[in-house]
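All remarks here apply to the structure that follows.
Numbering (this note's numbering), first residue to last: 931 to 1242.
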């Protein structure tokens, strides 16, 4: 019995070429991931130099007048609390686990009856390749010794948007969504214009995304107030009351908030804008030290009137 092939020779050649192109794409993508894993290791060793060059940094630090104003304001959390606010993790489960070892050791020193509260400021996903691992860790029993508040970041908002609209995929990829897809075992489209591939990726993510991850993303808080502090992802719109702030403000705001000199009812603790070192003045505390790139994940500990920073 003879062998028969369907299609013309030209069609057969195109099919073979298409398969080889796809195989080559898979090989190149796998190599890219391996390279990026190595790059993380290098970045962690030279984080200071990389942060100075690559991160979007703001002012070197508060002015003398701002430092004096911060001391005079004397903001505090209620007695009997240790509050830890963790900056943007961006798919670096390795750094999160390392930071939590330090926080857990510090929390173990608290007096009997003293509450340990963890506030995560959002942006758990994107940019780094361990986004799924980050959410797995946050939902595990590893945080059982703490009262935990999870805030929503603009990257979680983008994640949710892609789940319902594959057309948002190219925009999501622009700021790290491709790495999140990879963490869930989904190969991102080869180009940002391949809408059929983005639709397939959206369907695959909806199929593979654990229900507890979906619920986690959907139930994140916008802000929380503890004592004289308000915790949000990006900042607050100046001149607008806290109850009137909207997601576009607290998830995305940057210069309008950072460059304003006016104070709010509470000192604002936030992430979102990467800086080479944590920042504090009389109106805000910034703790996003660009973990995905610098290897430095930062938290601020608030206890009474004391303010201390912890970094990996």
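Note that the Cβ used here is the ideal one computed from N, Cα and C, for glycine as well.
Cross-strand partners of residue i (DSSP beta bridge)
| i | result |
| --- | --- |
| residue 1112 | None; residue 1112 has no bridge partner. |
| residue 1045 | 1011 |
| residue 1216 | 1200, 1209 |
| residue 1006 | In the DSSP output, where bridge partners are listed per residue, residue 1006 has none listed. |
| residue 1019 | The partner list for residue 1019 (beta bridge, DSSP) is empty, contrary to what the question assumes. |
| residue 1236 | 1233 |
| residue 927 | Residue 927 is absent from the model: the chain starts at 931 and stops at 1242. |
Among the options, the one whose alpha carbon lies nearest that of residue i
| i | options | result |
| --- | --- | --- |
| residue 1053 | 1174, 1211, 1208, 1017 | 1017 |
| residue 1181 | 1168, 1202, 1190 | 1202 |
| residue 1167 | 1082, 1184, 1146 | 1184 |
| residue 1177 | 1013, 1147, 1165, 1130 | 1165 |
| residue 1217 | 1019, 1011, 1139 | 1019 |
| residue 1092 | 1084, 1102, 1083 | 1102 |
| residue 1015 | 1200, 1204, 1104, 1221 | 1200 |
| residue 1209 | 1106, 1172, 1237 | 1237 |
| residue 1139 | 1233, 1066, 1224 | 1066 |
| residue 1084 | 1213, 1159, 1045, 1056 | 1056 |
| residue 1042 | 1159, 1010, 1132, 1130 | 1010 |
| residue 1204 | 1222, 1191, 1213, 1187 | 1222 |
| residue 1153 | 1082, 1044, 1076 | 1082 |
| residue 1192 | 1156, 1131, 1213 | 1213 |
| residue 1045 | 1026, 1035, 1075 | 1075 |
| residue 1090 | 1145, 1031, 1226 | 1145 |
| residue 1179 | 1194, 1163, 1189 | 1163 |
| residue 1049 | 1228, 1105, 1194 | 1228 |
| residue 1095 | 1131, 1108, 1080 | 1131 |
| residue 1113 | 1190, 1062, 1158 | 1062 |
| residue 1073 | 1060, 1038, 1104, 1109 | 1038 |
| residue 1004 | 1155, 1233, 1142 | 1233 |
| residue 1051 | 1080, 1136, 1107, 1147 | 1080 |
| residue 1148 | 1022, 1230, 1129, 1086 | 1086 |
Residue i - DSSP class collapsed to helix/strand/coil
| i | result |
| --- | --- |
| residue 1161 | strand |
| residue 1242 | coil |
| residue 1101 | helix |
| residue 1176 | coil |
| residue 1185 | helix |
| residue 1192 | coil |
| residue 1118 | coil |
| residue 1107 | helix |
| residue 989 | In this predicted model, residue 989 has a pLDDT of only 42, less than 50, meaning its place in the structure is not dependable enough to derive any value. |
Endpoints, beta strand (DSSP E) assigned at residue i
| i | result |
| --- | --- |
| residue 1229 | 1228-1233 |
Boundaries (first-last residue) of the alpha helix (DSSP H) holding residue i
| i | result |
| --- | --- |
| residue 1156 | It is not in any alpha helix (DSSP H) - residue 1156 instead sits in the beta strand (DSSP E) that spans 1154-1156. |
| residue 1035 | 1023-1037 |
| residue 1131 | 1125-1138 |
| residue 1171 | Note, residue 1171: premise wrong, no alpha helix (DSSP H); not H, not E. |
| residue 1145 | 1141-1148 |
* To do: At 3 residues or longer, and completely inside the segment 1051-1086: list those beta strand (DSSP E) runs for me, N to C.
  => 1077-1080
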